[in-house]
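Oh and the sequence shown: position 137 is 131 in the working numbering, straight run, nothing missing. A virtual CB, placed ideally from N, CA and C, is assigned to each residue, including glycine. Notes follow the structure.
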Amino acid sequence: MQTMTEKIHGLLTKFDTAVLVTHGRDSNPRARPMGIAKISESNELWFFTGRDSEKAHELRDDEQVLLVFQKDHSAYVSLVGRASLVSDRSAIAELWKSSYKTWFPGGVDDPNLLLIRVHGQEVEYWDNTGFNSVKYLFETARAYITGNKPNVTEPEQHAHVAMK
């Protein structure tokens, strides 16, 4: 049987991007899409950013973040966590892809380049991929016909989980 960490990891690996929500300097939320550089086995997420970017300044002031993921109409994840800025040049080199040069023209050696590491604290997901999609279609059809809400299997299709 799959552990919850494995379940969450399997879902997270379906996504290439996430929307990173930070607290802006005016205390209002700020959201922006971010390409995912890495998802570790323990479900830490890594992203590239610039040392002088607005999000880096926001994270220095408040490390609490929300990551939101969506894949078509089949998988959704929201993850609350703590972000840290990482300037480790070996980690930057390990995660670097040539496509990042679009945003960081100085390349892997750009002194402005940083990583954001997000350690998840809690996650909520809705998984209608694979066989779950068949179950969901059946349940929505049943709900439409009977006038009742669809039954969603916990934790197979949906769960709210505190992470370690």
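DSSP lists no bridge partner for residue 85. The continuous alpha helix (DSSP H) containing residue 55 extends over residues 48 to 55. Below 8 Å, too few C-beta pairs join the stretch 15 to 22 and the stretch 32 to 46 to call them touching: fewer than three. Annotation for residue 13: 25, 27 and 62 place their beta carbon closer than 6 Å to its own, counting only its chain and skipping 5 residues before and after.
Put simply, of 103, 94 and 39 the residue whose alpha carbon is nearest the alpha carbon of residue 117 is 39. Judged by their CB atoms, residue 65 and residue 8 are nearer to each other than the 8 Å cut-off. The Cβ atoms of residue 29 and residue 75 lie no closer than 8 Å to each other. Going by DSSP, residue 0 is part of the alpha helix (DSSP H) stretching over -2 to 6.
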